[in-house]
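To keep things clear, I will list the structure first and then write my remarks on it.
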Amino acid sequence: MPTEAGRTGPAGPAPGALLLCRAVPGAVAPVAHLLREPMQVVRAGDGWSVLVPEGGPWRDGGEPVDRVVTGWATALAVGAPWSVLALWWDADHAGFLLASGFRRPVGFVWLANGVPVGEDEAMRTFAVRVGLDPVLDVQALERLSKTDAGVDARARLRGLLAILARVGVSLPPSLAPGEPAGRLREAAALLPDSLPVAWPGGREAAERRTADHSRLGPWMPWTGDPRARALALAQVAAGVPLLAWGLRRRSGGWVAAGGLLLANGTLGLAYGLMYPRD
5 MPTEAGRTGP
15 AGPAPGALLL
25 CRAVPGAVAP
35 VAHLLREPMQ
45 VVRAGDGWSV
55 LVPEGGPWRD
65 GGEPVDRVVT
75 GWATALAVGA
85 PWSVLALWWD
95 ADHAGFLLAS
105 GFRRPVGFVW
115 LANGVPVGED
125 EAMRTFAVRV
135 GLDPVLDVQA
145 LERLSKTDAG
155 VDARARLRGL
165 LAILARVGVS
175 LPPSLAPGEP
185 AGRLREAAAL
195 LPDSLPVAWP
205 GGREAAERRT
215 ADHSRLGPWM
225 PWTGDPRARA
235 LALAQVAAGV
245 PLLAWGLRRR
255 SGGWVAAGGL
265 LLANGTLGLA
275 YGLMYPRD
């Protein structure tokens with residue numbers, strides 16, 4: 005059993021994150037490669053997968069974990085036809101963020117002791133986008149946004165996952181929010197359906213993604229569909245300023261987000277020119 009010291013860093017609980025994607029692992033892994041972060045992807049319920057990152061940007065680069073996962077979730081959601089829910093935590097806070105296409109992400113934050121610092125409206129918007137019941141589930145979410153002595157941020161994340169079970173989310177028991185990123189990735193690697201995600205290099209990545217396009221669905225930018233080419237153009241347009249902003253801020257999360265969008269869009273445009281569809 006891990007000791008409390010093993011769960012914490014010098015200033016409190018060690019940072020960590022989980023990225024829940026509304027797609028099967030085989031569809032998520034080829035897209036997640038371009039984040040250039042070692043991860044494991046495993047099934048997380050009916051129609052859901054979870055990416056478990058190693059955590060280099062906040063462990064070695066000193067970046068805030070919430071900023072990193074916001075960039076990752078935004079890039080993954082724009083670069084693919086499924087939504088991404090990021091769960092994150094550090095010594096002082098914990099929270100979640102839902103990214104869906106080009107829509108503005110929505111999320112909520114709690115202090116480490118569970119005190120909410122988000123807005124109730126965010127919970128209602130989140131419920132609509134995920135497809136939760138507009139009455140019963142929204143009431144349960146709103147309880148998470150109220151002060152409740154004795155319920156810390158980690159317990160709030162567990163409560164959120166319990167509500168999300170109604171839309172098919174089911175995390176493996178070994179992937180409990182609040183644990184250090186390294187321990188979570190080690191646990192994920194031991195699961196029977198786990199797939200490794202790592203940056204394989206530009207040419208190999210392009211070949212792999214082209215080979216896998218048929219199982220990723222008709223909206224992916226490398227299928228050559230006219231609507232997909234429009235999405236590829238939008239990804240390039242969004243990726244360039246994100247990449248520039250990330251480089252100025254020296255933010256690995258936003259550099260990865262901009263790079264993923266730019267690479268996705270460029271590959272989609274190139275594929276559309278090489279293999280046009282009438």
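Residues in the sequence shown are numbered from 5 upward in steps of one, following the working numbering.
Backbone N, C-alpha and C fix where the C-beta goes; we use that ideal spot for every residue, glycine too.
This one's a predicted model, so the numbers in the text were calculated from it and none came from an experiment.
- Distance from the Cα of Thr74 is smallest, within the candidate group Leu39, Asp64, Ala48, for Leu39.
- In the structure shown, the three-state DSSP call for Gly186 is helix.
- Note that the C-beta distance between Gly172 and Gly51 is below 8 Å.
- In the DSSP assignment, Arg47 falls within the beta strand (DSSP E) that extends over 43–47.
- Contact between Gly99 and Asp70 holds, with the beta-carbon distance rounding to 6 Å and staying under 8 Å.
- If only complete runs of 4 or more residues are kept, the segment 125–204 shows the alpha helix (DSSP H) at 140–148, 157–168, 185–193, in order along the chain.
- With 16 or more other CB atoms across the displayed protein chains lying within 10 angstroms of its CB, Gly20 is buried.
- The beta carbons of Ala95 and Ala77 sit about 21 Å from each other, so the pair does not count as a contact at 8 Å.
- Contact annotation, Leu91 with Pro181: C-beta distance approximately 5 Å; criterion of less than 8 Å satisfied.
- About 5 Å separates the CB atoms of Val56 and Leu188; that is less than 8 Å, so the two are in contact.
- Rounded to the nearest angstrom, the gap between the Cα atoms of Arg26 and Ala79 is 14 Å.
- Here Lys150 is near Pro120, since their CB atoms are less than 8 Å apart.
- Classified as exposed, Pro196 has fewer than 16 neighbouring CB atoms from the shown chains inside 10 Å of its CB.
- With a 10 Å radius around the Cβ and a threshold of 16 neighbouring Cβ atoms, Phe130 comes out buried.
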